[in-house]
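Peer 1:
2 protein chains.
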Amino acid sequence: MTNSRGRPRTFNEEKVLKAAEQVFWKKGFSDTSLDDLVGAMGINRPSIYRAFGSKEDIYRRLLQNFADKMEAVFIETMGSDGNIRDRLIAFYQNALTVYSGGGIAKGCMVMSTAVTVAPCNSAIQEDLMAIIQFVDEKLAEQFQIAIDSGHISATPNGKSRGMLAQSLLHSLSLRARAGQSPSQLQPLIETGVALLTS
Amino acid sequence: MTNSRGRPRTFNEEKVLKAAEQVFWKKGFSDTSLDDLVGAMGINRPSIYRAFGSKEDIYRRLLQNFADKMEAVFIETMGSDGNIRDRLIAFYQNALTVYSGGGIAKGCMVMSTAVTVAPCNSAIQEDLMAIIQFVDEKLAEQFQIAIDSGHISATPNGKSRGMLAQSLLHSLSLRARAGQSPSQLQPLIETGVALLTS
DNA sequence: CTATATATGTACCAGTTCGCATAATAATAG
DNA sequence: CTATTATTATGCGAACTGGTACATATATAG
Numbered sequence: 265m266t267n268s269r270g271r272p273r274t275f276n277e278e279k280v281l282k283a284a285e286q287v288f289w290k291k292g293f294s295d296t297s298l299d300d301l302v303g304a305m306g307i308n309r310p311s312i313y314r315a316f317g318s319k320e321d322i323y324r325r326l327l328q329n330f331a332d333k334m335e336a337v338f339i340e341t342m343g344s345d346g347n348i349r350d351r352l353i354a355f356y357q358n359a360l361t362v363y364s365g366g367g368i369a370k371g372c373m374v375m376s377t378a379v380t381v382a383p384c385n386s387a388i389q390e391d392l393m394a395i396i397q398f399v400d401e402k403l404a405e406q407f408q409i410a411i412d413s414g415h416i417s418a419t420p421n422g423k424s425r426g427m428l429a430q431s432l433l434h435s436l437s438l439r440a441r442a443g444q445s446p447s448q449l450q451p452l453i454e455t456g457v458a459l460l461t462s
Numbered sequence: 265m266t267n268s269r270g271r272p273r274t275f276n277e278e279k280v281l282k283a284a285e286q287v288f289w290k291k292g293f294s295d296t297s298l299d300d301l302v303g304a305m306g307i308n309r310p311s312i313y314r315a316f317g318s319k320e321d322i323y324r325r326l327l328q329n330f331a332d333k334m335e336a337v338f339i340e341t342m343g344s345d346g347n348i349r350d351r352l353i354a355f356y357q358n359a360l361t362v363y364s365g366g367g368i369a370k371g372c373m374v375m376s377t378a379v380t381v382a383p384c385n386s387a388i389q390e391d392l393m394a395i396i397q398f399v400d401e402k403l404a405e406q407f408q409i410a411i412d413s414g415h416i417s418a419t420p421n422g423k424s425r426g427m428l429a430q431s432l433l434h435s436l437s438l439r440a441r442a443g444q445s446p447s448q449l450q451p452l453i454e455t456g457v458a459l460l461t462s
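Residue numbers (this note's numbering), protein chains in the order written: chain L, 265 to 462; chain A, 265 to 462.
#1: Please classify residue 431 of chain A: does DSSP put it in a helix, a strand, or coil?
#2: Can the beta-carbon of residue 428 of chain A be found closer than 8 Å to that of residue 455 of chain L?
#3: Shortest alpha-carbon distance to residue 273 of chain L belongs to which of L:307, L:359, L:290 and L:403?
#4: Is residue 369 of chain A helix, strand or coil when you go by DSSP?
#5: Taking contact to mean 3 or more Cβ pairs, one atom from each stretch, closer than 8 Å, check whether the region 358 to 369 of chain L and the region 274 to 285 of chain L are in contact.
#6: Is it true that the region 298 to 314 of chain L meets the region 378 to 397 of chain L, where meeting means three or more beta-carbon pairs spaced less than 8 Å apart?
#7: Please report whether the beta-carbon of residue 445 of chain L lies at a distance below 8 Å from any beta-carbon of chain A.
#8: Write down every uninterrupted run of the alpha helix (DSSP H) in the region 340 to 368 of chain A whose length is 4 residues or greater and which is fully enclosed by it, in chain order.
#9: Which bits of chain L does residue 366 of chain A rub up against, with CB to CB less than 9 Å?
#10: Does the distance from the CB of residue 426 of chain L to the CB of residue 294 of chain A come in under 8 Å?
#11: Using a Cβ cut-off of 8 Å (strictly closer), state whether residue 328 of chain A contacts chain L.
#12: Establish whether the CB of residue 430 of chain A and some CB of chain L are separated by less than 8 Å.
#13: Buried or exposed: residue 391 of chain L, going by 16 or more other Cβ atoms within 10 Å of its Cβ?
#14: Using DSSP with H/G/I as helix, E/B as strand and the rest coil, what is residue 462 of chain A?
#15: If residue 443 of chain A sits next to residue 430 of chain L, beta carbons under 8 Å apart, how far is it from one beta carbon to the other, in whole angstroms?
#16: Is any beta-carbon of chain L found at less than 8 Å from that of residue 452 of chain A?
#17: Give the residues of chain L in contact with residue 403 of chain A, contact being defined as C-beta atoms less than 7 Å apart.
#18: Starting from residue 389 of chain L, find everything on chain A with Cβ-Cβ shorter than 9 Å and list it in chain order.
#19: Is the Cβ of residue 295 of chain L closer than 8 Å to any Cβ of chain A?
#20: Is the Cβ of residue 381 of chain L closer than 8 Å to any Cβ of chain A?
#21: Assuming residue 440 of chain A contacts residue 360 of chain A under a Cβ cut-off of 8 Å, what Cβ separation, rounded to an integer in Å, is found between them?
#22: Just mark residue 333 of chain A as buried or exposed, buried being the case when its beta carbon has 16 or more other beta carbons within 10 Å.
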């Protein structure tokens with residue numbers, strides 16, 4: 265029994281999901297209508313449902329998808345072997361490029377859009393919480409390594425530094441979406457990293 | 265010509281605005297319907313329109329209203345004459361009480377709800393930007409005083425410290441709305457303030 | 001070929017959205 | 001009292017909401 269029976273799809277799954285992401289990213293969950301998705305994805309309503317489920321299903325999938333992409337950025341920048349200061353700066357700068365990309369003020373897709381719905385949608389709230397905790401852990405790991413190898417002081421500890429490092433990320437996202445330019449935010453990255461690695 | 269001609273209002277303006285705030289705070293701008301407001305405020309649609317204008321008018325008014333209330337918290341805590349460390353901790357703790365109040369994960373009303381709409385509504389985006397910049401300035405002021413009086417080092421400068429201090433606020437709001445408890449966030453406040461005042 | 005499985009397109013559902021037109025109500029001014 | 005002014009209540013309507021039924025199209029399996 266092959267999986268390719270029936271009429272073949274006319275759309276590329278990756279492409280239409282990317283299109284849907286753009287809409288959710290800009291308009292948020294509540295303000296995105298199925299008609300918006302139909303327009304952006306270029307496929308009809310019943311096809312969307314058949315392929316991806318409900319609006320909420322698509323959105324939650326894209327949340328995880330975005331988090332995965334940011335994790336890739338994290339691994340790419342923080343995984344190298346320079347000192348933690350330079351690696352952190354590279355990470356924040358790449359994140360900021362994502363947040364401010366395309367000339368539109370966007371911020372982080374997760375932090376900017378899931379927040380609002382969270383109190384009314386426990387599934388999305390849990391997704392958001394899980395992503396925040398994951399980022400905390402990943403950052404804490406890196407600080408712990410730097411502490412263990414004597415590059416930075418043992419206080420604040422790795423976990424605290426991780427949470428504070430994510431705070432900077434939260435603020436970059438929020439400020440970018442409010443319309444602050446990358447050049448305005450660059451000093452925030454630099455002084456933030458300086459404090460975080462002191 | 266007196267102002268009290270005609271049929272008198274049956275509602276208390278402050279009270280119904282407070283009720284509206286609760287709805288917007290929980291559901292965000294887009295997901296709050298006029299029927300929601302009618303239900304919460306206890307007055308009919310045409311009365312709402314006559315008294316406060318459109319849904320967007322009410323929301324923007326409440327944004328500023330909330331910012332004013334937080335400024336009052338700021339003045340109350342940061343205006344005293346203890347050392348900057350203790351005053352900052354008091355400020356963050358009071359803010360966190362607001363963010364986590366009433367058993368529901370709420371976060372900051374401005375940061376949690378205006379973010380999402382910002383890219384689609386330039387007026388709200390500008391409101392958000394103005395509030396962020398105002399908070400930056402108020403915080404920077406306090407750090408500058410502490411620097412000038414020799415209580416903390418001159419680098420990072422007051423402006424940078426102000427922006428970083430607001431980052432912590434952003435993260436507290438986001439984390440509270442994601443469901444993290446005040447006790448989980450207390451260490452973030454403490455280590456954050458320690459770094460900010462080092 | 002026929003049977004089956006998947007995808008698509010039209011058209012529609014019931015419920016909700018915002019905003020308003022209209023009329024009734026309740027106060028004051030003279 | 002009547003005229004004026006302001007607020008409140010009923011309820012409309014046209015557009016939009018997320019979601020689906022049904023018929024049609026296009027592939028593979030045998």
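Beta carbons: idealized from backbone N, C-alpha and C, even for Gly. Keep in mind it's a predicted model, so treat the numbers as computed, not measured.
Peer 2: So, from the data block:
#1: helix
#2: yes
#3: L:307
#4: coil
#5: no
#6: no
#7: no
#8: 348 to 363
#9: Those within 9 Å of residue 366 of chain A in chain L number zero; the least Cβ separation is about 11 Å.
#10: no
#11: no
#12: yes
#13: buried
#14: coil
#15: About 15 Å; that fails the 8 Å criterion.
#16: yes
#17: Here the premise fails: no neighbours, minimum Cβ distance about 12 Å.
#18: 369, 441, 442 and 443
#19: yes
#20: yes
#21: 7 Å
#22: exposed
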